[in-house]
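> Numbering (the numbering used here), first residue to last: 215 to 785.
Ideal Cβ positions, reconstructed from N, Cα and C, are used throughout, including at glycine.
Since the structure is predicted, the reported quantities are computational estimates derived from the model, not experimental observations.
Quick one: the structure is below, questions incoming.
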């Protein structure tokens with residue numbers, strides 16, 4: 215096995231900037247800037263290559279978002295066919311809790327089917343679009359450097375800024391394609407209040423937010439040498455933007471709270487699509503994107519290929535005893551991501567707990583949610599159970615990331631030296647799986663604790679703390695099934711490992727919109743979270759949890775056996 219060596223970036227000699235991105239010395243020894251044409255050389259070729267590589271991935275993203283939007287619109291129209299139904303829904307949404315979950319109250323003044331989609335769905339789907347953009351930019355920049363492919367490509371006639379430019383152009387094209395699909399699909403739906411102009415604005419609002427977070431990712435990929443850290447940082451900014459939007463909308467004023475104006479998600483919602491059709495908030499997204507892209511290019515000239523601006527912290531001279539064991543090493547590798555998710559889910563649970571006291575206002579006139587809650591019994595506990603399912607599906611994103619970390623270690627070449635020693639494949643993979651299987655319930659415990667503590671205060675019911683902690687932990691088997699699906703894909707079809715994201719995304723969509731829009735029961739049954747008892751509102755059914763655990767064990771076994779039998783992808 216060859217030992218990788220560190221090479222200087224020679225892209226300037228063939229069309230890029232020098233190793234530091236500032237051009238070569240002139241005859242007097244002074245530095246000159248490389249012409250823009252040279253630093254962008256190869257951008258079009260990389261863009262075409264990126265489109266070819268991601269043609270299936272982007273197709274799934276775009277048409278899934280389109281299908282979800284059209285299904286939601288059809289569900290809204292079926293459940294609220296009359297003006298009286300829509301007015302009742304608007305009254306139920308006009309509370310701090312309802313506005314935090316949906317959007318600004320201006321939509322409620324003219325609650326057509328179109329404005330209902332803008333109010334209830336826009337703030338959610340732009341989050342998915344932002345995630346798509348973040349993953350797209352990180353995949354085509356930092357991941358290429360982390361795997362060593364960028365260094366090989368940039369040794370040819372490719373400029374320093376070609377990779378970043380191609381990734382940003384790819385993200386912009388993907389977002390514009392989504393905007394066109396949404397505009398055409400919604401305009402052709404013929405539902406009440408869904409105008410052509412509003413549909414175009416609705417699509418462009420998604421594109422604008424997507425481009426903003428593509429620019430955010432363009433900055434974060436310069437800071438860290440690892441793709442997961444770059445993605446995590448960008449998604450942390452996305453989470454902050456969502457929290458600011460929710461906190462600002464809780465005020466309920468028609469102009470929107472001050473905090474909402476600090477969030478690109480808030481800007482998209484303040485287009486008041488299908489109500490006022492205001493275009494100017496999208497200009498804020500464009501300005502912020504440009505303001506982020508410019509420093510991203512500047513920062514890229516301040517680092518080496520494969521390196522990040524944030525210097526790695528020096529470790530100790532000797533490894534701790536825990537690092538000499540597979541589980542200890544892999545726990546060390548996962549600790550940053552685990553810590554980030556722990557803080558995020560604790561705060562998310564606390565945020566939902568803070569609105570638990572307004573449950574009756576939210577459910578008062580929403581027929582589908584009220585019927586579901588009344589069937590369970592106590593309204594507060596029923597609403598808490600619905601929110602707990604949503605929180606658990608967010609936690610499922612961690613277990614997918616934790617399992618797919620093994621794939622990242624494999625393709626980057628770091629797994630091969632370990633497996634060349636006496637370390638067996640099943641022990642190496644078992645360490646990653648153990649961290650995922652134990653880390654998921656740990657996150658649920660923290661989320662339930664935050665939810666229970668704040669919820670007990672706002673609902674004036676101290677018994678909610680143990681109830682919600684227990685309800686959170688009941689979702690552990692569903693997390694294990696998600697981890698098992700990711701492990702099976704990694705072991706049996708490693709090139710399709712990214713398909714593991716379908717399960718948590720689908721579960722989140724069904725859990726978020728299913729109760730409001732009345733999705734059919736069979737859709738809920740396709741999600742592992744749909745088989746978890748809605749505690750504390752319902753008595754716990756242990757048989758589905760046992761079956762989920764058995765299913766998870768089977769999937770994990772397939773993953774381990776498949777990895778032991780297949781070839782290792784080496785550099």
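Drop a sphere of 10 angstroms on the beta-carbon of residue 427, count the other beta-carbons inside from all chains shown, and report buried for 16 or more, exposed for fewer.
In the chain shown, counting from the first residue as 1, residue 427 sits at position 213. So residue 427 counts as buried.
> Out of 479, 567, 337 and 440, which has the shortest C-alpha to C-alpha gap to residue 525?
As a first step, residue 525 is located in the chain shown; it is residue number 311 there, counting from the start. Of 479, 567, 337 and 440, the residue nearest in Cα terms is 440.
> Assuming residue 504 is part of the alpha helix (DSSP H), what are its boundary residues?
Here residue 504 is taken as the residue at index 290 of the chain shown, counted from 1. For residue 504, the enclosing alpha helix (DSSP H) starts and ends at 495-514.
> What three-state label does DSSP hand residue 309 in the structure shown?
Within the chain shown, numbered from 1, the residue matching residue 309 stands at position 95. In the structure shown, residue 309 sits in coil (DSSP, three-state: anything other than H, G, I, E or B).
> Report the three-state DSSP secondary structure of residue 262 (helix, strand or coil).
Counting from 1 along the chain shown, the entry for residue 262 is found at position 48. DSSP places residue 262 in helix when its eight states are reduced to three.
> Do three or more CB pairs link the stretch 676-686 to the stretch 650-665 at distances below 8 Å?
Between the stretch 676-686 and the stretch 650-665 there are three or more inter-stretch CB-CB distances shorter than 8 Å, so the stretches are counted as touching.
> Consult DSSP for residue 720 and reduce its assignment to one of helix, strand or coil.
Residue 720 sits at position 506 when you count from the first residue of the chain shown. DSSP places residue 720 in helix when its eight states are reduced to three.
> Secondary structure at residue 783, three-state DSSP: helix, strand or coil?
Translated into the one-based positions of the chain shown, residue 783 becomes position 569. Reduced to three states, the DSSP call for residue 783 is coil.
> Do the CB positions of residue 376 and residue 351 come within less than 7 Å of each other?
Mapped onto the chain shown, residue 376 falls at position 162. Mapped onto the chain shown, residue 351 falls at position 137. Result no, Cβ atoms of residue 376 and residue 351 do not sit closer than 7 Å.
> Tell me the DSSP secondary structure of residue 605 in three-state form.
Working through the chain shown from its first residue, we reach residue 605 at position 391. In the three-state DSSP reduction, residue 605 falls in the helix class (H, G or I).
> Helix, strand or coil for residue 236, going by three-state DSSP, please let me know.
The residue given as residue 236 occupies position 22 in the chain shown. Only weak support exists for where residue 236 lies, its pLDDT of 41 falling under 50; the coordinates are left without a value.
> Within the stretch 430-499, note down every full alpha helix (DSSP H) run reaching 4 residues or more, in order along the chain.
441-463 and 478-483
> Using the rule of at least 16 other Cβ atoms within 10 Å of the residue's Cβ for burial, across every protein chain shown, is residue 495 buried or exposed?
In the chain shown, counting from the first residue as 1, residue 495 sits at position 281. The residue in question, residue 495, is buried, as its Cβ has 16 or more Cβ neighbours within 10 Å.
> Curious, which full-length alpha helix (DSSP H) runs of at least 4 residues does the stretch 627-673 contain?
Counting whole runs of 4 or more residues, the stretch 627-673 contains the alpha helix (DSSP H) stretches 629-633 and 639-672.
> Which class does residue 523 belong to by DSSP, given the choice of helix, strand or coil?
Mapped onto the chain shown, residue 523 falls at position 309. If DSSP states are grouped into helix, strand and coil, residue 523 belongs with coil.
> Around the Cβ of residue 676, are there at least 16 other Cβ atoms within 10 angstroms (buried) or fewer (exposed)?
Here residue 676 is taken as the residue at index 462 of the chain shown, counted from 1. That one is exposed.
> Check the C-beta distance from residue 663 over to residue 669 and give it rounded, since I have them as a contact under 8 Å.
Here residue 663 refers to the residue found at position 449 when the chain shown is read from its first residue. Here residue 669 refers to the residue found at position 455 when the chain shown is read from its first residue. The pair is not a contact, with the Cβ atoms about 11 Å apart (cut-off 8 Å).
> Excluding the five sequence neighbours on either side, which residues of its own chain have a C-beta within less than 6 Å of the C-beta of residue 759, listed in chain order?
Mapped onto the chain shown, residue 759 falls at position 545. Correct list, in chain order: 691.
> Start and end of the alpha helix (DSSP H) containing residue 292?
Within the chain shown, numbered from 1, the residue matching residue 292 stands at position 78. Segment 269-293, the alpha helix (DSSP H) holding residue 292.
> Could you check the C-alpha separation between residue 312 and residue 335 for me, to the nearest Å?
Within the chain shown, residue 312 is the residue found at index 98, counting from 1. Within the chain shown, residue 335 is the residue found at index 121, counting from 1. Roughly 13 Å separates the two Cα atoms.
> Can you give me the start and stop residues for the alpha helix (DSSP H) that residue 548 sits inside?
Reading the chain shown from its first residue, position 334 is the one you call residue 548. Run containing residue 548: 540-568, per the alpha helix (DSSP H) assignment.
> Which value, in whole angstroms, describes the spacing of the CA atoms of residue 694 and residue 705?
Taking the first residue of the chain shown as position 1, residue 694 is located at position 480. Taking the first residue of the chain shown as position 1, residue 705 is located at position 491. Those two C-alpha atoms are separated by around 16 Å.
> Could you have a look at residue 374 and say whether DSSP puts it in helix, strand or coil?
By 1-based counting over the chain shown, the position of residue 374 is 160. It is coil, neither helix nor strand.
> Quick check: the stretch 361-369 against the stretch 276-296, are at least 3 beta-carbon pairs closer than 8 Å?
Too few Cβ pairs lie closer than 8 Å, so no.
> Per the contact definition of three or more C-beta pairs closer than 8 Å, is the stretch 327-342 in contact with the stretch 474-483?
yes
> Excluding the 5 residues preceding and the 5 following residue 595 in the sequence, name in chain order all residues of the same chain whose CB lies nearer than 6 Å to its CB.
Here residue 595 refers to the residue found at position 381 of the chain shown. Taken in chain order, the residues that qualify are 750 and 751.
> For residue 699, report the span of its alpha helix (DSSP H) as first-last.
Locating residue 699 in the chain shown gives position 485, counting from the first residue. Counting along the chain, the alpha helix (DSSP H) containing residue 699 begins and ends at 690-706.
> For residue 777, which of 490, 708 and 723 has the nearest alpha-carbon?
The residue you call residue 777 lines up with position 563 of the chain shown. When only C-alpha atoms are compared, the closest one is 708.
> Quick check on DSSP: helix, strand or coil for residue 325?
Within the chain shown, residue 325 is the residue found at index 111, counting from 1. Under the three-state reduction of DSSP output, residue 325 falls in the coil class, being neither helix nor strand.
> Give me the Cα-Cα distance between residue 474 and residue 451, rounded to the nearest whole angstrom.
In the chain shown, counting from the first residue as 1, residue 474 sits at position 260. In the chain shown, counting from the first residue as 1, residue 451 sits at position 237. Spanning the two alpha carbons is a distance of roughly 14 Å.
> To the nearest angstrom, how far is it from the Cα of residue 345 to the Cα of residue 449?
For the purposes of this step, residue 345 is taken as the residue at position 131 of the chain shown. For the purposes of this step, residue 449 is taken as the residue at position 235 of the chain shown. If I take the Cα positions, the gap works out to 7 Å.
> Taking C-alpha atoms, which residue in 560, 568 and 647 lies nearest to residue 540?
Locating residue 540 in the chain shown gives position 326, counting from the first residue. Among 560, 568 and 647, the Cα nearest to that of residue 540 is on 647.
> For residue 787, which three-state DSSP category applies?
There is simply no residue 787 to check, as the chain begins at 215 and stops at 785 in what is shown.
> Give me the residue from 458, 392 and 362 with the minimum Cα distance to residue 518.
Here residue 518 corresponds to residue number 304 of the chain shown, with the count starting at 1. Closest by alpha carbon: 362.
> Quick check on the DSSP output: what are the complete alpha helix (DSSP H) runs of length 4 or more inside the stretch 343-405, in order along the chain?
356-360, 363-368 and 376-401
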